[in-house]
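Numbering (the numbering used here), first residue to last: 136 to 472.
Every residue gets a Cβ at the ideal spot worked out from N, C-alpha and C, and that includes glycine.
What follows is a set of notes on a single structure, which appears directly below.
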Ligand SMILES: Nc1ncnc2c1ncn2[C@@H]1O[C@H](COP(=O)(O)OP(=O)(O)OP(=O)(O)O)[C@@H](O)[C@H]1O
Ligand SMILES: [Mg+2]
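As structure tokens, this is what we get:
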């Protein structure tokens with residue numbers, strides 16, 4: 136009788152050991168994602184208890200949190216609040232017919248990477264550290280033109296391989312203006328309309344975010360024109376910026392080529408223009424940095440930091456040239472905290 140109980144228990148113990156200790160060593164993470172039966176059987180000391188898996192515990196789309204984070208942390212970007220929560224919510228609510236493709240544009244320091252990070256944190260328990268979040272920086276990951284064939288293979292295998300282990304993935308391509316155009320041909324099939332699985336892999340649940348500063352000046356011109364006409368920046372519509380971004384992408388045949396290609400194929404789900412930040416927004420960034428350091432509120436210190444920053448255009452210098460970038464370094468110059 137005892138043997139009848141001990142036998143299966145020993146078997147479970149051995150299987151648990153194999154699944155939690157031996158297979159990870161040989162790097163077969165995906166085995167666990169496919170074998171949900173074993174995952175359930177060996178909890179709570181299961182693989183997924185200790186390691187990130189393609190489950191609800193780790194993939195946690197939370198649109199309320201996303202909205203709260205945008206409201207609390209992102210300054211002066213009305214179109215971020217307007218477009219992103221709705222777009223992301225819709226992507227997770229129904230089965231989408233293609234991957235969600237977001238194209239962020241704007242000049243330096245306006246929050247493109249910052250917002251991408253907030254999205255990652257609202258979708259994945261581990262945020263940017265999640266294995267389902269992939270950040271590509273062309274100058275770092277694909278620097279040499281002569282190695283393009285290798286990069287193409289690597290990128291394709293990377294996207295396909297990851298997508299086959301879990302359909303919810305976030306791919307962030309930074310500095311798109313520096314991406315070798317041939318690499319776009321690799322990305323294109325993954326973001327195209329298919330409305331079904333391809334070779335058993337569902338690419339529709341993925342999110343791609345492309346970040347670019349190509350149209351920064353264009354966005355600034357549209358915002359500045361509105362300012363001169365006495366309009367509030369919050370009242371400038373997405374469409375007004377969109378036309379400008381489109382035009383500048385076609386004009387910059389080189390750095391904007393990636394964009395015009397995606398536009399031509401109607402693959403971009405949403406453009407998100409990042410507006411140039413004004414003094415009041417940069418002041419909030421300084422206040423936030425001071426708060427993080429545990430410094431008391433001090434408008435004089437804020438003014439001193441602002442003194443170090445450049446504002447433009449000459450006609451009416453209302454926009455910070457580098458947005459909220461380098462705030463912490465400038466704060467170091469005026470304070471020892
Ligand atoms: N709109 C914003 N609201 C709050 N903080 C911001 C905003 N924009 C930028 N920041 C702060 O400035 C830092 C730098 O911004 P970020 O790297 O996101 O800019 P970017 O748009 O990606 O610029 P670049 O085009 O140079 O890459 C962020 O980590 C964040 O702390
Ligand atoms: Mg950036």
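Below 8 Å CB to CB, which residues in the same chain sit around residue 443 once its five sequence neighbours on both sides are set aside?
465, 468, 469
Where does residue 160 land, buried or exposed, given buried means 16+ other C-beta within 10 angstroms?
Note on residue 160: pLDDT 32, under 50, position unreliable in the model; no value is reported.
Residue 361 to residue 368, Cα distance in whole Å?
7 Å
Measuring alpha carbon to alpha carbon, tell me which residue in 379, 311, 336, 244 is nearest residue 276.
311
Counting only runs that start and end within the stretch 181-243, where is the beta strand (DSSP E) found for 3 or more residues in a row?
235-241
Under the DSSP definition of a beta bridge, which residues are partnered with residue 333?
336
Closer than 6 Å from C-beta to any heavy atom of ligand 2: which residues, in chain order?
247, 248, 309, 346
Does residue 338 pass the burial test, meaning 16 or more other C-beta atoms within 10 Å, or should it be called exposed?
buried
Quick check: the Cα distance between residue 438 and residue 418, rounded to an integer number of angstroms?
8 Å
What is the residue span of the alpha helix (DSSP H) that residue 441 lies within?
434-442
Taking all protein chains shown into account, decide if residue 422 is buried (16 or more other Cβ within 10 angstroms of its Cβ) or exposed.
buried
Ligand 1 and residue 208: does the residue's C-beta get closer than 7 Å to at least one heavy atom of that ligand?
yes
Residue 454 (DSSP reduced to helix, strand or coil)
strand
Suppose you measure from the CA of residue 286 to the CA of residue 364; what does that come to, to the nearest Å?
48 Å
Looking at C-alpha atoms only, which residue of 300, 331, 273 is the closest neighbour of residue 313?
273
Below 8 Å on the Cβ atoms is my guess for residue 380 versus residue 350; work out the distance and round it to an integer in Å.
4 Å
If we ignore side chains and look at the alpha-carbon of each, how far apart do residue 402 and residue 353 end up?
22 Å
Kindly indicate which three-state DSSP category residue 402 falls into: helix, strand or coil?
coil
Could you tell me which residues DSSP puts in a beta bridge with residue 447?
454
For the pair the stretch 339-347 and the stretch 293-307, tell me if three or more CB-CB distances fall below 8 Å.
yes
Between the stretch 449-461 and the stretch 236-244, do three or more beta carbon pairs fall short of 8 Å?
yes
Within the continuous beta strand (DSSP E) that includes residue 272, where are the two ends?
Careful: residue 272 lies outside any beta strand (DSSP E) and carries neither H nor E.
Start-to-end residues for the beta strand (DSSP E) that takes in residue 258
Where residue 258 is concerned, there is no enclosing beta strand (DSSP E), although the alpha helix (DSSP H) it sits in stretches over 247-258.
Just the C-alpha distance for residue 257 and residue 198, rounded to the nearest angstrom, thanks.
7 Å
Any chance the CB of residue 212 is under 7 Å from a heavy atom of ligand 1?
yes
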